[in-house]
Amino acid sequence: MKNKTALISIAFVASTLMSTSSFAESKVCVTLPFGVGYAASFDVETVDGHFKTQNTDRFNVGETKCIDVSPLESGTQYKVTIHPFWGTSRDCDPVITKEDGDSHITFKATGTTLNPHCSMYGM
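Okay, structure coming up:
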């Protein structure tokens, strides 16, 4: 029984550690590649809910928008949420842990207005 409890504890800790990614970034971008069936906006919100940006202006297929996240303190966890026009909002994967730096992270939005997907694409 002790071994089973230990394995469950290890699995829980591992899944928690793997669910966030840490990057040195000053801005976060979302791109809508050709083939996506919607225009969208997005926002950034800390996991603890203490900070949330305004939505970006709506942008179209083939465009990329960015939000400055440099005001966030290093170590702060935040998520990016995509808002398809006339569709269902969806959190992007993964949750990010902020580190100080001058680079940017890009998420790629895919799917449809009612079934959007959004995942990290590059730095």
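If you use this note's numbering, the sequence shown closes out at 123, no skipped numbers anywhere.
Cβ coordinates follow ideal geometry from the N, Cα and C atoms, glycine included.
Predicted model only: the values in this text are computed from it and were never measured.
Check: What first and last residue would you give for the beta strand (DSSP E) that runs through C66?
Finding: 64-68
Check: Candidates V47, K52, K65: which alpha carbon is nearest Q77's?
Finding: Among V47, K52, K65, the Cα nearest to that of Q77 belongs to V47.
Next item on the list: Can you have a look at L72 and say buried or exposed, based on whether 16 or more other CB atoms are within 10 angstroms of its CB?
Entry: buried
Check: Do the stretch 29-49 and the stretch 103-116 meet, that is, are 3 or more Cβ pairs less than 8 Å apart?
Finding: yes
Notebook entry, point to check: Skipping 5 residues on each side, what residues in its chain have a beta carbon closer than 8 Å to that of F85?
Noted result: Y38, A39, A40, S41, R58, T113
Notebook entry, point to check: Pick from K27, L32, H117: whose alpha carbon is nearest that of T53?
Noted result: K27
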